[in-house]
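One structure below.
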Amino acid sequence: LAERLQNTIKKMTGKGKVSEQDVKEMAREVRLALLEADVNFKVVKDFIKKIKERAVGQEVMNSLTPGQQIIKIVKEELTDLMGGEQSKIAVSERPPTVIMMVGLQGAGKTTTTGKLANLLRKKHNRKPLLVAADVYRPAAINQLETIGKQLNLPVFSKGTDANPVDIANDAIAHAKEEHYDYVLIDTAGRLHTDENLMTELREIKENVDPAEILLVVDSMTGQDAVNVAESFDEQLAVSGVILTKLDNDNRGGAALSIRAVTQKPIKYAGMGEKLDELEVFHPERMASRILGMGDVLSLIEKAQENVDEKKAKELEEKMRSATFTFDDFLDQMEQVKSMGPLEDLLGMIPGANKMKGLKNAQIDEKQLVYVEAIIHSMTKKEREDPSIMNASRKKRIAKGAGRPVSEVNRLLKQFEEMKKMMKQMSGMQKGKKGKKKKG
Ligand code: GDP
Ligand code: MG
Numbered sequence: 006l007a008e009r010l011q012n013t014i015k016k017m018t019g020k021g022k023v024s025e026q027d028v029k030e031m032a033r034e035v036r037l038a039l040l041e042a043d044v045n046f047k048v049v050k051d052f053i054k055k056i057k058e059r060a061v062g063q064e065v066m067n068s069l070t071p072g073q074q075i076i077k078i079v080k081e082e083l084t085d086l087m088g089g090e091q092s093k094i095a096v097s098e099r100p101p102t103v104i105m106m107v108g109l110q111g112a113g114k115t116t117t118t119g120k121l122a123n124l125l126r127k128k129h130n131r132k133p134l135l136v137a138a139d140v141y142r143p144a145a146i147n148q149l150e151t152i153g154k155q156l157n158l159p160v161f162s163k164g165t166d167a168n169p170v171d172i173a174n175d176a177i178a179h180a181k182e183e184h185y186d187y188v189l190i191d192t193a194g195r196l197h198t199d200e201n202l203m204t205e206l207r208e209i210k211e212n213v214d215p216a217e218i219l220l221v222v223d224s225m226t227g228q229d230a231v232n233v234a235e236s237f238d239e240q241l242a243v244s245g246v247i248l249t250k251l252d253n254d255n256r257g258g259a260a261l262s263i264r265a266v267t268q269k270p271i272k273y274a275g276m277g278e279k280l281d282e283l284e285v286f287h288p289e290r291m292a293s294r295i296l297g298m299g300d301v302l303s304l305i306e307k308a309q310e311n312v313d314e315k316k317a318k319e320l321e322e323k324m325r326s327a328t329f330t331f332d333d334f335l336d337q338m339e340q341v342k343s344m345g346p347l348e349d350l351l352g353m354i355p356g357a358n359k360m361k362g363l364k365n366a367q368i369d370e371k372q373l374v375y376v377e378a379i380i381h382s383m384t385k386k387e388r389e390d391p392s393i394m395n396a397s398r399k400k401r402i403a404k405g406a407g408r409p410v411s412e413v414n415r416l417l418k419q420f421e422e423m424k425k426m427m428k429q430m431s432g433m434q435k436g437k438k439g440k441k442k443k444g
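Encoded structure:
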């Protein structure tokens, strides 16, 4: 989806004047892009109608930069399509807040139950209890228990012989006793929606009166996901949707249609298999991502979460005075690493997804580990002043790190080049400031 839209947008950006014909052409392109992305055709129709209306209206024709104005409109409407505002998770007045996780088999329910509990604990400081109510496969209970162990979170289960309704009731009683404030019930799924499953889920719902029924759907299934959402919603009146596997979805059809079709907010997005890869869903950011503008806000947020501001200032100072050492280098690597996998970060940089090859290039995180090992093998003196490095020192370092000497050489060279670049950069900044004063 992104590529086609981006091309259209590139054409529009520079336009000083927009004719009705231009708008028509742009609308056709956007329409094709959305249909290709497997967006529901009714949703597309409404969307295009809105874009056209707004694009030939006052706000564009009177604008100095109509091309950009239209892009703004597309982005706003995309955002709107996905719900506009970010949607929050419910909190019951009297704990525990009960959340039922429902969805087809393989959608990601069990994984997402763990991820959500983890997020509630980490971000909201909550005490969640996981409940294994998928009794049809012994593996399902084991899976949730394994996830619980990994996250160090308790799992309530009664084996495969118990009735899911009893399990849910008992779990809630247990949660009250032990002062858990969230109860997350992982329910059974089927390959297709069927009446037996729906009856069971309805029974659980009637018994536990959940604050949220979150429907977990696989974004990669496109329109099927939307159909599944419609039928679950009809039967259970879900309160929100969690889209999983967005990390593998390069079309965006489900993300763009599901809200418009079901009127239910997308609350979270699964961004990977790991248990910390669940994000609050931000419609505006998703729209930006789709338009290829990069998810700058998320990137900044991540950076703020992880980078110690004082350290950043110190680093800047060091760059300016070119007293940057290998220890600083290590520090900096630590900070970058704490922001998450490099591939994720790259995806958030505007334009990075357009660079051919970059998307598929495996960024070798192992390489970073090697670099660290090499620096760790250096003495304090060597880290501060690499110019003292000679053949025997290099050999010793290589041996200590378990890497070839050539790699040590390469790192030293890269480090020198980096220092040179820093010097130039700080020189340039000084130059700029000087000029400003004169002018
Ligand atoms: P359930 O049958 O609905 O309980 O689904 P599971 O939780 O067992 O998940 C099915 C598969 O999808 C597992 O292999 C998960 O690791 C994978 N999965 C779940 N969420 C995500 C996600 O956001 N991204 C990716 N890449 N994989 C996911
Ligand atoms: Mg499961």
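full-length UniProt numbering numbers the first residue of the sequence shown as 6 and each following residue consecutively. C-beta atoms are modelled at their ideal positions from N, C-alpha and C, and glycine is treated no differently.
Just mark residue i as buried or exposed, buried being the case when its beta carbon has 16 or more other beta carbons within 10 Å.
i: Ser224; result: buried
i: Arg207; result: exposed
i: Pro288; result: buried
i: Leu83; result: buried
i: Leu196; result: exposed
i: Asp214; result: exposed
i: Glu8; result: exposed
i: Ile256; result: Strictly speaking, residue 256 in this sequence is Arg, with Ile absent from that position. Buried, since its Cβ has 16 or more Cβ neighbours within 10 Å.
i: Met426; result: exposed
i: Glu25; result: exposed
i: Val243; result: buried
i: Met423; result: exposed
i: Thr116; result: buried
i: Ala122; result: buried
i: Thr249; result: buried
i: Ala144; result: exposed
i: Ala396; result: exposed
i: Val374; result: exposed
i: Arg142; result: exposed
i: Gly277; result: buried
i: Asp254; result: buried
i: Phe286; result: buried
i: Asp332; result: exposed
i: Glu217; result: buried
Between which two residues does the beta strand (DSSP E) carrying residue i extend?
i: Asp390; result: Counting along the chain, Asp390 falls outside any beta strand (DSSP E), and DSSP gives it neither H nor E.
i: Asp191; result: 187-191
i: Leu149; result: Careful: Leu149 lies outside any beta strand (DSSP E), inside the alpha helix (DSSP H) at 143-156.
i: residue 2; result: Any question about residue 2 goes unanswered here, given that the chain covers just 6 to 444.
i: Pro133; result: 133-137
i: Thr330; result: Run containing Thr330: none; DSSP gives neither H nor E here.
i: Ala42; result: It is not in any beta strand (DSSP E) - Ala42 carries neither H nor E in the DSSP assignment.
i: Thr198; result: Here Thr198 belongs to no beta strand (DSSP E), and DSSP marks it neither H nor E.
i: Ala274; result: 271-275
i: Asp223; result: 217-223
Beta-carbon of residue i versus every beta-carbon of chain D: anything under 8 Å?
i: Leu296; result: Among the chains in the structure shown there is no chain D, since it carries only a single protein chain.
With residue i as the anchor, note down where its alpha helix (DSSP H) starts and where it stops.
i: Pro101; result: Looking at the DSSP string, Pro101 is not in any alpha helix (DSSP H), and its letter there is neither H nor E.
i: Gly405; result: 396-406
i: Thr267; result: 258-267
i: Glu58; result: 46-60
i: Ile247; result: Per DSSP, Ile247 belongs to no alpha helix (DSSP H); it is in the beta strand (DSSP E), 245-249.
i: Val233; result: 228-241
i: Glu284; result: No alpha helix (DSSP H) holds Glu284; the beta strand (DSSP E) holding it covers 283-285.
Taking the alpha carbon of residue i as the point to measure from, which residue in the options has its own alpha carbon closest?
i: Thr328; options: Ala176, Asp390, Ile78; result: Asp390
i: residue 453; options: Lys47, Arg142, Gly119; result: Because the chain is modelled from 6 through 444, residue 453 falls outside the range shown and cannot be assessed.
i: Lys80; options: Met291, Glu30, Asp252; result: Met291
Do three or more CB pairs link the segment 32-39 to the segment 47-56 at distances below 8 Å? By the C-beta criterion, the segment 32-39 is judged to be in contact with the segment 47-56, since at least 3 inter-stretch pairs fall below 8 Å.
Does the segment 93-107 come into contact with the segment 163-182, if we say contact requires no fewer than three beta-carbon pairs (one atom in each stretch) closer than 8 Å? yes
Taking contact to mean 3 or more Cβ pairs, one atom from each stretch, closer than 8 Å, check whether the segment 161-171 and the segment 126-136 are in contact. yes
When the Cβ atoms of the segment 180-187 are set against those of the segment 142-156, are three or more pairs found closer than 8 Å? no
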